[in-house]
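Protein chains: 2
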Amino acid sequence: MPITIKDIAKAAGVSHTTVSRALKGHAAISPQTTARIQALAEEMGYTPSAVAQSLLSQRTQTIGMIITTTADPFPVNIVGGVEEVAQAAGYSVFLSSSHNNPRQEMAVVETFHRRRVDAIIVSSSRLGSVYRSELDQIQIPIVLVNNQEEGEYLHSVAVDDVQGARLAVEHLLQLGHRRIGYVGAVNRPKSNRRRIVGYQAALEAAGIPIDPSLVVAPVEETDVDQGKKGVDYLLDANATAIFCYNDLTAIGALMECRRRNIAVPQQLSVMGFDDIEIATYVTPPLTTIHQPRSRLGKLAMQMVLDLLDGKSVQDKVLNCNLVTRQSTADLA
Amino acid sequence: MPITIKDIAKAAGVSHTTVSRALKGHAAISPQTTARIQALAEEMGYTPSAVAQSLLSQRTQTIGMIITTTADPFPVNIVGGVEEVAQAAGYSVFLSSSHNNPRQEMAVVETFHRRRVDAIIVSSSRLGSVYRSELDQIQIPIVLVNNQEEGEYLHSVAVDDVQGARLAVEHLLQLGHRRIGYVGAVNRPKSNRRRIVGYQAALEAAGIPIDPSLVVAPVEETDVDQGKKGVDYLLDANATAIFCYNDLTAIGALMECRRRNIAVPQQLSVMGFDDIEIATYVTPPLTTIHQPRSRLGKLAMQMVLDLLDGKSVQDKVLNCNLVTRQSTADLA
DNA sequence: TTGTACGCGTTATCAA
DNA sequence: TTGATAACGCGTACAA
Numbered sequence: 001m002p003i004t005i006k007d008i009a010k011a012a013g014v015s016h017t018t019v020s021r022a023l024k025g026h027a028a029i030s031p032q033t034t035a036r037i038q039a040l041a042e043e044m045g046y047t048p049s050a051v052a053q054s055l056l057s058q059r060t061q062t063i064g065m066i067i068t069t070t071a072d073p074f075p076v077n078i079v080g081g082v083e084e085v086a087q088a089a090g091y092s093v094f095l096s097s098s099h100n101n102p103r104q105e106m107a108v109v110e111t112f113h114r115r116r117v118d119a120i121i122v123s124s125s126r127l128g129s130v131y132r133s134e135l136d137q138i139q140i141p142i143v144l145v146n147n148q149e150e151g152e153y154l155h156s157v158a159v160d161d162v163q164g165a166r167l168a169v170e171h172l173l174q175l176g177h178r179r180i181g182y183v184g185a186v187n188r189p190k191s192n193r194r195r196i197v198g199y200q201a202a203l204e205a206a207g208i209p210i211d212p213s214l215v216v217a218p219v220e221e222t223d224v225d226q227g228k229k230g231v232d233y234l235l236d237a238n239a240t241a242i243f244c245y246n247d248l249t250a251i252g253a254l255m256e257c258r259r260r261n262i263a264v265p266q267q268l269s270v271m272g273f274d275d276i277e278i279a280t281y282v283t284p285p286l287t288t289i290h291q292p293r294s295r296l297g298k299l300a301m302q303m304v305l306d307l308l309d310g311k312s313v314q315d316k317v318l319n320c321n322l323v324t325r326q327s328t329a330d331l332a
Numbered sequence: 333m334p335i336t337i338k339d340i341a342k343a344a345g346v347s348h349t350t351v352s353r354a355l356k357g358h359a360a361i362s363p364q365t366t367a368r369i370q371a372l373a374e375e376m377g378y379t380p381s382a383v384a385q386s387l388l389s390q391r392t393q394t395i396g397m398i399i400t401t402t403a404d405p406f407p408v409n410i411v412g413g414v415e416e417v418a419q420a421a422g423y424s425v426f427l428s429s430s431h432n433n434p435r436q437e438m439a440v441v442e443t444f445h446r447r448r449v450d451a452i453i454v455s456s457s458r459l460g461s462v463y464r465s466e467l468d469q470i471q472i473p474i475v476l477v478n479n480q481e482e483g484e485y486l487h488s489v490a491v492d493d494v495q496g497a498r499l500a501v502e503h504l505l506q507l508g509h510r511r512i513g514y515v516g517a518v519n520r521p522k523s524n525r526r527r528i529v530g531y532q533a534a535l536e537a538a539g540i541p542i543d544p545s546l547v548v549a550p551v552e553e554t555d556v557d558q559g560k561k562g563v564d565y566l567l568d569a570n571a572t573a574i575f576c577y578n579d580l581t582a583i584g585a586l587m588e589c590r591r592r593n594i595a596v597p598q599q600l601s602v603m604g605f606d607d608i609e610i611a612t613y614v615t616p617p618l619t620t621i622h623q624p625r626s627r628l629g630k631l632a633m634q635m636v637l638d639l640l641d642g643k644s645v646q647d648k649v650l651n652c653n654l655v656t657r658q659s660t661a662d663l664a
């Protein structure tokens, strides 16, 4: 059992109240006793119990973070940002995975509520809307990062998918490409739709008519496989450049090109989205759209702190930026 | 403020004791009141406070996990294993980063102690030995995963670096290579040393004399840069195959080979260690030694559960296995 | 079958 | 300047 203030009180021959006050340098305690008790506490190895403090203060200085899976580096990078800001503010972070399973996601929320976390941050939530009712029950701030549901819920921090996709297509246009394909993802409805919007906006702004045969959404197990299939479709449609839903999709595209002996970027330009670490290391290194993942996390946690401070906050939408590497080139 | 059992008691016209008992199906409460109170609790949206329960039970059902950084997918995969077992056992996991900074690592331990976590799991700790004294203070199980300090501390789960390195070199020997180089890491003293031991053991078993010029340890900022430099050194030493401390080092080696127009694996075989996700996607896909990261995490958490159950446990050393891809080939 | 009283570790109020 | 007491939410020994 850890040392308590009562143990110290007994050892010092004072009341536990005095110990409590001395330890936090309360003005009304004589300097001598304060010094004596602080020394004693140090010596006895006293560490205050956050549990007891929480019970009294009704604040745990704790937040719960839900991600889909630790196997995906994307949400994990968001956690990094969250944790950094949290730690600096004296908050600790519970991390739990939902495995993209709504039931599990609800169970985690329930657990966090039992633990009386002060707030919850959810990355890529599948059930944004469900929180509406849940929120009435638990009455704490919930911040959604890159929420995957349509609609206006609670508080959110997200990347501007439309702007990012636009940036990608504009880059390809600038290289002289006119037949630009898009390989979508069927299982991320919201961000996929918004990236298509950006794709179309860029083309329209350039006066290029939309060709539906250039927008494909292969149904495959993994992102990589979707990329492989996507290349097949888009080469048939005579694309000279393709923009992929994300980097893994683009990597699948690169793999398929290698298999078919299609030189990237000489014969086909390939772009991704996300800028995950792998993008730097594939051959050729992938031109992509960078998502500020760590900053998403930092802003989400900062928003939590503001909310807990009673400040009013505004939903945030962050811009992406272009990272030019070697998988794109001038139209031959 | 969340609903408490007192609120329910008032609403039901009974004492809070009765509510407490009814909610956990205590035998001595009449079925009717039990049902009535459970319904009421449900209706009022009651969730018990783990904080209050913890204060009473002196158990938080919580563990603290310390990793170096969320930017590295390696420890994050360990977290995945830990969290899976923890969640199944009703434990929640605090995650915190040490950024490889011993002072920060101590601060995190202190915070976890304040929060009265039931146990702590540390990945790649830099200060294993320090825990000896700290442990006397906090009196909870501490499990180290892939500890980076020599010596016997506390409890540990680790991969067998010697066996893994041996496996790698045996693979290269089998391909006919005789001049096999090793690119080490200066900042992971323990595992590096053990991988050298495995490297030497394999060579000796094959009756090949150790050539010191084939073992290099470039001092560079990143693993990747160390790999680039390592290739330079080892080509000068006429190596036909190189075994790298880890996959990132090996990827650096691949990059340098490409720059110098050295064909892998035709002119040089390259091996890594770890089997991180990236290894699959580089060109050529990397032959490497797989570390069971998730299983390390699961075993660490299982060990924690056993320790909390008062069972005695044994330190665990896990075998690695070979993953053959396309960066290694027969000696030309 | 149900209720009263106490304690877990801490802080705040009030009194001395 | 210090101490006794109550309270946070819950579980349990004991009493009714």
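From first to last, the protein sequence lines are chains A and B.
Here our numbering is used: the first residue of the first sequence is 1, the next is one more, and so on.
Here our numbering is used: the first residue of the second sequence is 333, the next is one more, and so on.
Glycine is no exception: its CB is placed at the ideal position from the N, C-alpha and C atoms.
- Put simply, the CB of residue 45 of chain A is near chain B, with a gap under 7 Å to one of its CB atoms.
- Residue state for residue 16 of chain A is assigned as helix, using DSSP reduced to three classes.
- Taking one beta carbon from each stretch, the segment 640-659 of chain B and the segment 313-322 of chain A have fewer than 3 pairs nearer than 8 Å; the two do not touch.
- By alpha-carbon distance to residue 341 of chain B, the top candidate from B:365, B:358, B:360 and B:398 is B:365.
- With fewer than 16 other Cβ atoms from the protein chains shown falling within 10 Å of its own Cβ, residue 662 of chain B counts as exposed.
- In the pairwise beta carbon analysis, the segment 583-603 of chain B is classified as touching the segment 616-623 of chain B: at least three pairs are separated by under 8 Å.
- Secondary structure note for residue 228 of chain A: its alpha helix (DSSP H) is the uninterrupted segment 223-236.
- Remark: C-beta atoms of residue 183 of chain A and residue 219 of chain A do not approach each other more closely than 7 Å.
- Per the C-alpha coordinates, the member of A:42, A:238, A:139 and A:193 positioned closest to residue 334 of chain B is A:139.
- If the five residues before and after residue 523 of chain B are omitted, its C-beta is found closer than 6 Å to the C-beta atoms of 493, all from its own chain and listed in chain order.
- Contact annotation: residue 444 of chain B and residue 94 of chain A have beta-carbon atoms that are not nearer than 7 Å.
- Close CB contacts of residue 407 of chain B within its chain, under the 7 Å cut and outside five residues either way in sequence, are with 399, 400, 455 and 456 (chain order).
- Contiguous beta strand (DSSP E) elements confined to the segment 230-279 of chain A occur at 241-244 and 269-271, taking only those with 3 or more residues.
- Non-local beta-carbon contacts of residue 292 of chain A in its own chain, meaning distances under 7 Å to residues more than five positions away in sequence, involve 318 in chain order.
- Residue 563 of chain B has its alpha-carbon roughly 42 Å from the corresponding atom of residue 98 of chain A.
- For the segment 264-286 of chain A, residues whose beta-carbon sits nearer than 8 Å to a beta-carbon of chain B comprise 277, 278, 281, 282 and 283.
- Contact of residue 113 of chain A with chain B is assigned, a C-beta pair being separated by under 7 Å.
- Of all residues in the segment 408-419 of chain B, those with a C-beta nearer than 8 Å to a C-beta of chain A are 408, 409, 411, 412, 415, 416 and 419, reading in chain order.
- Around residue 55 of chain A, the beta-carbon contacts reaching into chain B at under 7 Å are 383, 384 and 387.
- Close to chain B, meaning a Cβ-Cβ distance shorter than 9 Å, are the following residues of the segment 133-150 of chain A: 136, 137, 138 and 139.
- Between the alpha carbons of residue 338 of chain B and residue 85 of chain A lies a gap of roughly 36 Å.
- Contact check for residue 354 of chain B against residue 395 of chain B fails: the beta carbons are separated by 7 Å or more.
- Taking 7 Å as the cut-off, the beta carbon of residue 228 of chain A is found no closer than this to the beta carbon of residue 207 of chain A.
- Going by DSSP, residue 654 of chain B is part of the beta strand (DSSP E) stretching over 653-655.
- Put simply, the segment 77-91 of chain A does not touch the segment 344-362 of chain B. Fewer than three CB pairs are less than 8 Å apart.
- In this structure, A:115 is the residue among A:157, A:115 and A:145 with its C-alpha nearest to the C-alpha of residue 381 of chain B.
- Neighbours of residue 429 of chain B in chain A, taken as residues at a C-beta separation under 9 Å, are given in chain order as 80, 83, 84 and 87.
- Distance from the Cα of residue 590 of chain B is smallest, within the candidate group A:283, A:109 and A:279, for A:283.
- For residue 63 of chain A, the secondary structure class from DSSP, reduced to helix, strand or coil, is strand.
- For residue 94 of chain A, the nearest CB of chain B lies under 7 Å from its own CB, placing it at the interface with that chain.
- Among the residues facing chain A, residue 511 of chain B is not included, as its CB has no counterpart in that chain under 7 Å away.
- Look at residue 423 of chain B here: in three-state DSSP terms it is coil, with no helix or strand label.
- Distances from the alpha-carbon of residue 249 of chain A to those of A:265, A:31 and A:226 put A:226 closest.
- The beta carbon of residue 302 of chain A lies closer than 8 Å to those of 85 in the same chain, with the five residues before and after it left out.
- In the three-state reduction of the DSSP assignment, residue 337 of chain B falls in the helix class.
- In the structure shown, residue 311 of chain A falls within a coil segment according to DSSP collapsed to helix, strand and coil.
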